[in-house]
């Protein structure tokens, strides 16, 4: 970028020099020179980022308001496109992708990297002025993949915030009313106890469940089964991530636990979905006693005094195997496509969003744990429930570890198979063993097909 | 009449073929240019939005594209062959066939019945016509979401009525009840069919009915021997458009399910062909296979339409001879 083209005419050279000087002046005068603004922006040449950056995200996360703030802070033009997989695919296929894209690091990183669409951001992080290596929370390792294993190798993205998704939010009022002891803020519950408590907490009006005792569905059944199997002491996915085994004793324990839950009818399942579609409104209506939702759900209660009064936060449960794992299945953040035409500026936007003023604002909201250790002290602790959740969450961090997900198929595809086959087992027309065989056969066929396509 | 027109054209022809003045384009060229200018927007739109996507989808159908990876391989007709061996594709196509066989005749019959009733000289006829037609103009997405609210397990009106009668609520939006909700949703739009049949009924000359009455024909005889045959082109039109629409059903199936989390949560009873296509595209990222499925659906629709037209040749009565037939 800074080399001089010998073929450059004098007129062209003067024009470019003028533009460069004007640009430098504009950047110097812009708020980009204020605090929390990337200086080098990871540019290999060291020049300031410029040009236009298109961010594909959800309007509630990085919308026009954030784009305007980014433009003002960085002195570059930032545009937004609403996140849409179809649109992303079309933009990638046309060779004109967005420069920054929303993604769920935990579930998507191996898939994106194996398809060579995500840029290795290590060189950019190495030069970052806002994100220091020792300040990065280990959860950001979900955005790393070395071609064999998730959690190692280059970074391909960065979380905007995260949760350990199997931690529990509970409604203390419902526990008290049912005469059930509230979960401990420090000691994890056993999954079997959680199930029994869920049965006691469930309220019915005829055939209708008016209060759900428990919702352990998390962000998708495959990741939940992978976690439960891990807790039982096994592994659902093979080391090469090219096959699954639902028939192992540990996986069978996981499946049976879930089937016990589903057959008890104490919470949402594929056969009996929560009409609200997610736990927030149900919890706020006093109709959800406990849910494995992760820290982020607490953000909802700060503006809802009724829920704030009764909400409590507890560690992720475990089996009686002494294994304690508290995973993150989201790590939602941003990545940069390899085909982006303006990666320096794209990283400047990513860096500003993850470590600049927007990150501080997010940290105080309680909608997730900041991805930088230095920002975690800003997490809300004003209300009693916030203070309790903060303390429990900080203690829970040590049980985080990265779970590797397959690069061969999307989690959606695996979850589609599970939700298709699960109802028969819940109804009792197939056993857990038969369900395992069906899942093994169908999911392994998907994985084999995905692997073949990556050859 | 026809020969008189020909005569007029013949006499007028020499005047039209005047030699153009110097520098002026001949009228035929001007006419052609005007024609092409007028049709250009359609042609451009057709090429850009139909021909190109169709061609691109066909190319994709010959590959194992996942929509993201630059590593795409040419697989020939493997995807088409797989369609015949994929039990999910076959079962989803079968469900779509049953859905079409049930909803198309029911929709047409309901529309025809309403049209016959509202063609009678009854009070507030216009109001009834408007009220029955109204659901047909509600966008399918809006209608599906409204049905979701009505049949919501906890807060829906349907379960509210059951509760007030002392009955247990029903989980409408999952198997096996979801298919009944879907059929109800489709029938909800039968006002569209009613309007078309009404227009056809009003086009039937009253003299024919009166002559039949004079000859002693009963209402039923008059309806089956005069009304239905004269309405048959309208019915054929509804059958063809109904079959095409039903085979392509998508949004109502996706939106009327209990959860809006994508194709994976659509109840198995409503897991029809287009839902499977959607799942293959956006859950499984099998763009090549999904594109082949779409081309296969195109072939099926074409075949079914041709069969219907062929079968209808002997059963549809045209008051005007179709063009090209003498």
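Protein chains in written order, with UniProt numbering: chain A, 1 to 455; chain B, 1 to 326. No residue lacks a Cβ here, since even glycine has one placed at the ideal position from N, Cα and C.
query, result
"Going by C-alpha distance, which of B:127, B:128, B:78, B:256 is nearest residue 293 of chain B?", "B:78"
"Which residues, taken in chain order from the stretch 231-243 of chain A, show a beta carbon closer than 7 Å to some beta carbon of chain B?", "none"
"Comparing the C-beta of residue 255 of chain B with each C-beta of chain A, is any distance below 9 Å?", "no"
"Under three-state DSSP, which class holds residue 518 of chain A?", "Summary: the structure shown does not reach residue 518 of chain A, with chain A confined to residues 1 through 455, and so no result is reported for it."
"Any beta-carbon of chain B closer than 9 Å to the one on residue 415 of chain A?", "yes"
"Who does residue 155 of chain A pair with in a DSSP beta bridge?", "A:144"
"For residue 454 of chain A, which residues of its own chain have a beta-carbon under 8 Å away from its beta-carbon, when the five flanking residues on both sides are left out?", "114, 115, 407, 408"
"Taking any Cβ of chain B, which residues in the stretch 415-444 of chain A have a Cβ under 9 Å from it, in chain order?", "415, 416, 417, 418, 419, 420, 423"
"What residues in its chain sit with their C-beta under 7 Å from that of residue 432 of chain A, if we drop five residues either side in the sequence?", "252, 255, 256, 259, 425"
"Per DSSP, what are the beta-bridge partners of residue 203 of chain A in this structure?", "A:211"
"Would you check if the distance between the CB atom of residue 145 of chain A and the CB atom of residue 156 of chain A is smaller than 9 Å?", "yes"
"Taking all protein chains shown into account, decide if residue 211 of chain B is buried (16 or more other Cβ within 10 angstroms of its Cβ) or exposed.", "exposed"
"Could you tell me the boundaries of the beta strand (DSSP E) in which residue 286 of chain B lies?", "Element bounds for residue 286 of chain B: n/a, residue is neither H nor E."
"Please report the Cβ distance between residue 224 of chain A and residue 396 of chain A, rounded to the nearest whole angstrom; I am assuming they are in contact, meaning their Cβ atoms lie under 8 Å.", "Actually they are not in contact, since the Cβ atoms of residue 224 of chain A and residue 396 of chain A sit about 17 Å apart, beyond 8 Å."
"Contact criterion: CB-CB distance below 9 Å. Does residue 179 of chain B meet it with respect to chain A?", "no"
"Name the two residues that bound the continuous alpha helix (DSSP H) containing residue 100 of chain B.", "87-117"
"Which residues, in chain order, does the stretch 265-293 of chain A contribute to contact with chain B at a C-beta distance below 7 Å?", "270, 271, 272, 273, 275, 277"
"In its own chain, which residues sit with a C-beta less than 6 Å from the C-beta of residue 154 of chain B, not counting the 5 before and 5 after it?", "none"
"Taking beta-carbon pairs under 7 Å, can you tell me which members of the stretch 112-133 of chain A lie near chain B?", "115, 116, 117"
"Between residue 86 of chain A and chain B, is any beta-carbon pair separated by less than 9 Å?", "yes"
"How far does the beta strand (DSSP E) with residue 242 of chain A in it reach, from first residue to last?", "Per DSSP, residue 242 of chain A belongs to no beta strand (DSSP E) and is neither H nor E."
"Give a yes or no on whether the minimum CB-CB distance between residue 146 of chain B and chain A is below 9 Å.", "no"
"Mind pulling the chain A residues with CB within less than 8 Å of residue 263 of chain B?", "416"
"Could you pull the DSSP bridge partners for residue 81 of chain A from this structure?", "A:56"
"Say yes only if the C-beta of residue 110 of chain A is nearer than 8 Å to one or more non-hydrogen atoms of the ligand COA, and no if none qualify.", "This structure simply doesn't include the ligand COA, nor any ligand for that matter."
"If we count the other Cβ atoms within 10 Å of its Cβ and call it buried at 16 or more, is residue 76 of chain B buried or exposed?", "exposed"
"Closer than 7 Å between beta carbons: that is the criterion. Which residues of the stretch 274-300 of chain B meet it against chain A?", "279, 282, 283, 284, 285"
"Assign residue 101 of chain A to one of three DSSP states: helix, strand, or coil.", "strand"
"On the three-state DSSP scale, how would you describe residue 256 of chain A?", "helix"
"Against chain A, with Cβ distances strictly below 9 Å, would residue 91 of chain B count as a contact?", "no"
"Compute the Euclidean distance between the alpha carbons of residue 73 of chain B and residue 412 of chain A, then round it to the nearest angstrom.", "23 Å"
"Flag residue 27 of chain A as yes if its beta-carbon sits less than 9 Å from any beta-carbon of chain B, otherwise no.", "Confidence is the limiting factor: at residue 27 of chain A the pLDDT is only 33, short of 50, which leaves the residue's position unreliable, though a coordinate-based value still follows. No, because no Cβ of chain B sits closer than 9 Å to the Cβ of residue 27 of chain A."
"Quick one: Cα of residue 215 of chain A to Cα of residue 220 of chain B, how far?", "60 Å"
"Using a Cβ-Cβ cutoff of less than 6 Å, which residues in the same chain neighbour residue 383 of chain A once the five nearest sequence positions on both sides are dropped?", "308"
"Identify whether residue 163 of chain A lies in helix, strand or coil by the three-state DSSP scheme.", "coil"
"Between the stretch 58-70 of chain B and chain A, which residues of the former have a C-beta closer than 8 Å to a C-beta of the latter?", "64, 66, 67, 68, 69, 70"
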